[in-house]
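Below is one structure; the comments refer to it alone.
Number of protein chains: 2
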Amino acid sequence: MYHDIADDIIKQINEQTYVDKLPSEAQLTDHYQVSRNTIRKAIDEVCQQGLLRRVKGSGYYINQITMHDAPVVNLSLGAGKAMRAVDSHLTSTVLALEDVLANQFQANHLHITIGEPLIHVLRLRQLNGQRYCIEDSYYLKTQVAQLSLADAQQSIFHAVKRDYDISVNNAENYISVTTLNDQQRQLTGIHDDHALLTLTQINYYGNNIAFNLSTTKFFNADLNLYFHSSQTFGGDSK
Amino acid sequence: MYHDIADDIIKQINEQTYVDKLPSEAQLTDHYQVSRNTIRKAIDEVCQQGLLRRVKGSGYYINQITMHDAPVVNLSLGAGKAMRAVDSHLTSTVLALEDVLANQFQANHLHITIGEPLIHVLRLRQLNGQRYCIEDSYYLKTQVAQLSLADAQQSIFHAVKRDYDISVNNAENYISVTTLNDQQRQLTGIHDDHALLTLTQINYYGNNIAFNLSTTKFFNADLNLYFHSSQTFGGDSK
DNA sequence: TTTCATTTGTCCGTATGTATC
DNA sequence: CGATACATACGGACAAATGAA
Chain A
1 MYHDIADDII
11 KQINEQTYVD
21 KLPSEAQLTD
31 HYQVSRNTIR
41 KAIDEVCQQG
51 LLRRVKGSGY
61 YINQITMHDA
71 PVVNLSLGAG
81 KAMRAVDSHL
91 TSTVLALEDV
101 LANQFQANHL
111 HITIGEPLIH
121 VLRLRQLNGQ
131 RYCIEDSYYL
141 KTQVAQLSLA
151 DAQQSIFHAV
161 KRDYDISVNN
171 AENYISVTTL
181 NDQQRQLTGI
191 HDDHALLTLT
201 QINYYGNNIA
211 FNLSTTKFFN
221 ADLNLYFHSS
231 QTFGGDSK
Chain B
1 MYHDIADDII
11 KQINEQTYVD
21 KLPSEAQLTD
31 HYQVSRNTIR
41 KAIDEVCQQG
51 LLRRVKGSGY
61 YINQITMHDA
71 PVVNLSLGAG
81 KAMRAVDSHL
91 TSTVLALEDV
101 LANQFQANHL
111 HITIGEPLIH
121 VLRLRQLNGQ
131 RYCIEDSYYL
141 KTQVAQLSLA
151 DAQQSIFHAV
161 KRDYDISVNN
171 AENYISVTTL
181 NDQQRQLTGI
191 HDDHALLTLT
201 QINYYGNNIA
211 FNLSTTKFFN
221 ADLNLYFHSS
231 QTFGGDSK
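Protein chains in written order, with full-length UniProt numbering: chain A, 1 to 238; chain B, 1 to 238.
Now the structure itself:
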């Protein structure tokens, strides 16, 4: 229930029903007809997504997530949700859809042994006709037995949820700067050596079983990856 | 109080008192002599740092965070804590320590008007004799009236905490790829055009007032910025 | 400066639901 | 199936910060 309330609050923020700050807990309690604790749990969720900052004695203030004109991807929304804002406008060209065996890197990150079977998907994604990102994804075949080409052209996470009831519970995120690798150059025909902002994610579901490892390289030189960190902590920070 | 319990649980994990999983909530309730709600809030904090995975009906399992060959800065630890691991080994060369007036960019992010007085600190930081990062920081003079050269050579946040009782409560983080700007080239004598992983942070204290805007450019081409994102969410993700 | 109502932060006890084993 | 363990929700109490009178 508090999930639904959280979703609704986020919706109100997006629709600018709430502009500068949220109504007080008392007002929200009244509005949603639930206890204060439930409201607070809902607000916790919204805060965790970096949309609010909380001020004791004052209220909840809405964060403006912008970097001037530069495009921003909010990673605090959690895996799968981060891209949703742009996801509907993205088109995907599937450059590879194949079974492979885990190498050292993949085995390390997926907590499996070398040689375990994986599905490899390489996609070039476009936004408004512009190259947006290139994404290498590896799925554990023990979890995701099969992926159709049609699914790979759309939202894979959606298909995985539909067919295997797997959705992302949490994720580890690594951000670095890289260039395209040989396979990516060959299949895209892009041969320049540009440094690309790169996001590597290990996605976990349910009991925190890693089921997916993906590396996304963004072509847009202006792109910003955003996330919010808060200090839950009272004190010191020494 | 639940902060202290969270800290203690983390300590027990680090000391391997708890190896595979945590004691049950009932046992922890008994051990710390607090209510179950308080235990759960403490555990929430530990989870948020990515140290635990929670399994309904089963228990809390300790995450084994795998190490990588590439150097990693863990930003999930929260603002101010992220750099602590390396901070003590960093030496800082202060390239600029001056009063400036806020420009458009700074005003936007610090939620102030153009022309407000700021302190600008430009530091070149080294790790084991190697260039590690270059950091531009702007402090609101209304909050931080003065910074000494000695403080700038050490930990500025520590000095700010000591002199003004200001510590970071939460932060907005933007990660992008940039190159050095003119002032940075001039003052460092570095004139190549390398793409650098760049972290822009707006730091808040008292949860509401932005007091610092800093941009850090990392020289290490292998560096990874890490953070953990969890889904608090039960369900769907549609 | 003090006072006071508002608002968020913390903690408690209890009850019920649901997943795991 | 029953026992255990985590998830959700309610209601109440007091503390602490804010902001306006």
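All C-beta atoms, glycine included, are put in the ideal place defined by N, C-alpha and C.
Computed from a predicted model, the values in this text were never measured in an experiment.
Bounds of the beta strand (DSSP E) holding B:GLN201 are 196-205.
Between B:ALA70 and B:LEU196, the gap from beta carbon to beta carbon reaches 9 Å or more.
Less than 9 Å divides the Cβ of A:PHE227 from the Cβ of A:GLY50. DSSP links B:GLU172 through a beta bridge to A:HIS228, B:ILE202. Annotation note: the segment 67-151 of chain A contains the following uninterrupted beta strand (DSSP E) runs of length 3 or greater, listed N- to C-terminal: 72-74, 90-101, 117-127, 130-140. For A:LYS217, the uninterrupted beta strand (DSSP E) run begins and ends at 209-218, by DSSP. For B:ILE62, the enclosing beta strand (DSSP E) starts and ends at 59-62. Taking the C-beta atoms as reference points, A:GLN184 is found nearer than 9 Å to A:LEU122. Look at the UniProt domain "HTH gntR-type" (1-65) of chain A and you find these whole runs of beta strand (DSSP E), each 3 residues long or longer: 52-55, 59-62. B:ASP4 sits exposed, since fewer than 16 C-beta atoms from the chains shown fall within 10 Å of its C-beta.
Within the segment 35-65 of chain A, ASP44, GLU45, GLN48, GLY50, ARG53, ARG54, VAL55, LYS56, SER58, TYR61, ASN63, ILE65 place their CB atoms closer than 8 Å to a CB of chain B, listed in sequence order. The three-state reading of DSSP puts A:THR178 in strand, counting E and B together. Any Cβ of chain B closer than 9 Å to the Cβ of A:ILE112 would place that residue at the interface, and such an atom is absent. A:ASP165 is not a Cβ neighbour of A:ALA159, given a cutoff of 9 Å. The C-beta of B:VAL121 comes no closer than 9 Å to any C-beta of chain A. By the rule that beta-carbons nearer than 9 Å mark a contact, A:VAL72 touches chain B. DSSP, read as helix, strand or coil, puts B:ASP163 in helix. Of all residues in the segment 184-199 of chain B, those with a C-beta nearer than 7 Å to a C-beta of chain A are ALA195, LEU197, reading in chain order.
Using a CB distance cut-off of 9 Å, A:SER176 counts as an interface residue toward chain B. Nearest in C-alpha terms to A:VAL46, of all of A:ASN37, A:ILE10, A:HIS68, A:VAL55, is A:ILE10. By the C-beta density criterion, B:HIS109 is buried, having at least 16 other C-beta atoms within 10 angstroms.
Interface flag for A:GLU116 against chain B is unset, since no Cβ pair is found closer than 9 Å. Take A:TYR174, set aside five residues on each side of it, and the residues of its chain with a beta-carbon closer than 8 Å to its own are LEU199, THR200, GLN201, in chain order. In this structure, A:ALA102 sits near A:LEU118, with a CB-CB distance shorter than 9 Å. Look at B:HIS89: its C-beta is not under 9 Å from any C-beta on chain A. Interface flag for A:ASN170 against chain B is set, since a Cβ pair is found closer than 9 Å.
A:LEU223 carries a coil assignment under DSSP once its states are collapsed to helix, strand and coil. DSSP places B:GLN154 outside both helix and strand once states are collapsed to three, so it counts as coil. Along the segment 135-148 of chain B, there is no position whose C-beta sits under 9 Å from a C-beta of chain A.
Contact between A:ARG53 and B:ASN208 holds: their C-beta atoms lie close to 6 Å from each other, under 8 Å.
B:ASP20 is outside the set of residues whose beta carbon lies under 9 Å from a beta carbon in chain A. Taking C-beta atoms under 8 Å as the contact rule, B:LEU140 and B:ILE112 qualify, at a distance of about 7 Å.
Taking each of B:ALA42, B:GLY59, B:LEU124, B:PRO23 in turn and checking the Cα distance to B:THR188, the smallest one comes out for B:LEU124.
In this structure, B:SER137 and B:ILE156 form a Cβ contact; the two beta carbons are roughly 7 Å apart against a cut-off of 8 Å.
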